[in-house]
DNA sequence: TGAACACATGAACAGTTATTCATATGTTTG
DNA sequence: CAAACATATGAATAACTGTTCATGTGTTCA
């Protein structure tokens, strides 16, 4: 009896949640965004760029990974519009695209260091 | 010449950033956290639980995936302490663990819907 | 107690992903 | 123009990850 009541209540929630839930597409995009932050190399890249502009070879040095690996990951970050770049001669300097990235990283940091 | 100057400047940044950068371990944990959000099924689960408590079979229905798949993902969310659960008879109800999760989801949503 | 139900979990498989290696593109300088 | 340098990129491989299937655990009720 008590059980059937709580079941009804949750049936109601079920329908309500179904309506309030963001669109399939939005949820997909959200997961895609977090997926990008969900890799050590990329998170490190973003944290470094959090401090300011930096060129590819220095990024590779700081991360202790190959230049190629860094370029590949920067490509992904560019694709997600999380970083910008400018060319100065042979060198390419990367920066964070906007403050959203900072907020997202900050948010995660809070959870980690609670 | 102009180039060598900008190179020096970035050498300085290099050293400074190296010091200010969070510990390897922290960055690893940060990536691990985002990795969890970086999956459609899990993000959907979290968004649903954002609205309130819900049992496993209803979660499976809403997500249109098998009960097994949901349980496997809930296990991961439990491991990361992002959700809590309580048992009521045969049924297990899940909820978000705390408000951090809400903030992190909110942060990502802002970036998506800009 | 045993059948039915809700959920959890281990193993296996398929799809995805990050790195490496080789090479290409773009830029400067002699 | 050729050599040297910084970066980008395609292909291949190894490692990882999410789902499915089968089965196990825990609970209720007849």
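Protein chains in written order, with my numbering: chain A, 14 to 127; chain B, 14 to 127.
We put the beta carbon where it would ideally sit given N, CA and C, even for glycine.
It should be emphasised that the depicted structure is a prediction, and the values quoted were computed from it without experimental measurement.
Item, Value
"Minimum C-alpha distance to residue 31 (chain B) - residue among A:37, A:125, A:92, A:57", "A:57"
"Length of the line joining the Cα atoms of residue 53 (chain A) and residue 45 (chain A)", "16 angstroms"
"Other residues of its chain near residue 60 (chain B): CB distance less than 7 angstroms, five sequence neighbours each side excluded", "118"
"Residues near residue 124 (chain A) by beta carbon distance below 6 angstroms, same chain, minus five either side", "none"
"Residues near residue 22 (chain B) by beta carbon distance below 6 angstroms, same chain, minus five either side", "At residue 22 (chain B), the pLDDT of 45 sits below 50, so the modelled position is not reliable; the number obtained from the coordinates is stated separately. Within the same chain, residue 22 (chain B) has no close Cβ partners at all."
"Whether residue 109 (chain B) touches residue 76 (chain B) by CB criterion (9 angstroms)", "no"
"Proximity to residue 67 (chain B) [Cα-Cα], best of B:120, B:101, B:49", "B:101"
"Range covered by the alpha helix (DSSP H) that runs through residue 42 (chain A)", "37 to 50"
"Neighbour flag for residue 126 (chain A) against chain B, beta carbons, 9 angstroms", "yes"
"Chain B within 9 angstroms of residue 156 (chain A), Cβ atoms only", "Coverage of chain A is limited to positions 14 through 127, which leaves residue 156 (chain A) absent and any answer about it impossible."
"Distance between beta carbons of residue 55 (chain A) and residue 86 (chain A), contact taken as under 8 angstroms", "5 angstroms"
"Span separating the alpha-carbon of residue 48 (chain A) from that of residue 83 (chain B)", "19 angstroms"
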